[in-house]
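I have placed the structure first, in the form of structure tokens, so that the comments after it can refer back to it.
Residue numbers (the UniProt record's numbering): 1 to 262.
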């Protein structure tokens, strides 16, 4: 359940050192579209391979900062075999991670985040049950993190954001530089941004969720918080499967959260 930073873990990857502009003129990525997040244009897509590229900051804003852009590699690889092969050849599984269960981790699970100057992701907790690894490909980003609180009652998703009654305060702040990796357990509240004195331009990072190892000890320690937080809803089905050996009573299968977590 700890946040772990591994300095230089991705330093020797072929993809490390890639700035946003390198993705824009990479011929292997023609046809790929990326999503704008959080701001006025939330949910809209723009071509990745283009002439304008990242010469100026994103114009959409969220809470005073501009929105990052995002490429969910797993959602596009079926139609773009060249991109899939390029991602696979440009990354390396860290030596301390088991090969079993992670054979195609980067090829089918990568997310590429593009962070123009002044951009960042607001505080949130991911709902997936896997732990997350994020690798800084260029520049640096600041991560602020905190454990999921134990709510007095069940909550909806996104009750952890600053704009809700459940205010949060970062417990850890760390700067991740080019070639560094950060590993965080599921359900951790986190926000990312760039320092005010960061160099101009856009920086890139790569994120994956991995199945092996699963954070069983973390689930045991944090059960009281996870079971009440809507942001952890996709963990609920996994916890049921672990507790029941995968066999649920017929009456349990009609519970609403089974569908949400499935």
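Each residue gets a CB set at the ideal place from its N, CA and C atoms; glycine is no exception.
To which residues of the same chain is residue i closer than 6 Å at the C-beta, ignoring the five residues directly before and after it?
| i | result |
| --- | --- |
| residue 193 | 120, 142 |
| residue 92 | 13 |
| residue 9 | 94, 181 |
| residue 82 | 28 |
Can you check which of these residues, the options, is closest to residue i by C-alpha distance?
| i | options | result |
| --- | --- | --- |
| residue 201 | 10, 6, 20, 75 | 20 |
| residue 103 | 44, 209, 225 | 209 |
| residue 96 | 213, 226, 235, 223 | 213 |
| residue 226 | 108, 179, 196, 150 | 150 |
| residue 43 | 99, 22, 70 | 70 |
| residue 86 | 144, 198, 140, 26 | 26 |
| residue 133 | 124, 217, 205 | 205 |
| residue 135 | 235, 177, 188, 129 | 177 |
| residue 124 | 46, 191, 90 | 191 |
| residue 195 | 89, 79, 118 | 118 |
| residue 6 | 35, 78, 183 | 183 |
| residue 138 | 129, 203, 216 | 203 |
| residue 45 | 23, 72, 90 | 72 |
| residue 122 | 189, 199, 220 | 189 |
With residue i as the anchor, note down where its alpha helix (DSSP H) starts and where it stops.
| i | result |
| --- | --- |
| residue 87 | 81 to 90 |
| residue 107 | 105 to 109 |
| residue 225 | 223 to 226 |
Can you tell me where the beta strand (DSSP E) with residue i in it begins and where it stops?
| i | result |
| --- | --- |
| residue 69 | 69 to 72 |
| residue 177 | 172 to 177 |
| residue 23 | Careful: residue 23 lies outside any beta strand (DSSP E), inside the alpha helix (DSSP H) at 20 to 24. |
| residue 28 | Looking at the DSSP string, residue 28 is not in any beta strand (DSSP E), and its letter there is neither H nor E. |
| residue 192 | 189 to 193 |
| residue 45 | 45 to 47 |
| residue 35 | 33 to 36 |
| residue 3 | Here residue 3 belongs to no beta strand (DSSP E), and DSSP marks it neither H nor E. |
Consult DSSP for residue i and reduce its assignment to one of helix, strand or coil.
| i | result |
| --- | --- |
| residue 128 | coil |
| residue 258 | Residue placement at residue 258 is poorly supported in this model, since its pLDDT is 47, which falls under 50; the coordinates still yield a value, given next. Helix. |
| residue 141 | strand |
| residue 181 | strand |
| residue 214 | coil |
| residue 78 | helix |
| residue 238 | helix |
Under 7 Å, do residue i and residue j count as touching if we go by C-beta distance?
| i | j | result |
| --- | --- | --- |
| residue 146 | residue 173 | no |
| residue 74 | residue 109 | yes |
| residue 68 | residue 115 | yes |
| residue 211 | residue 130 | yes |
| residue 88 | residue 111 | no |
Ordered along the chain, which non-local residues of its own chain (more than five positions away) have a Cβ less than 8 Å from that of residue i?
| i | result |
| --- | --- |
| residue 76 | 32, 33, 83 |
| residue 2 | 185 |
Leaving aside the five residues before and after residue i along the sequence, list all residues of the same chain whose C-beta is less than 7 Å from its C-beta, in chain order.
| i | result |
| --- | --- |
| residue 105 | 93, 208, 210 |
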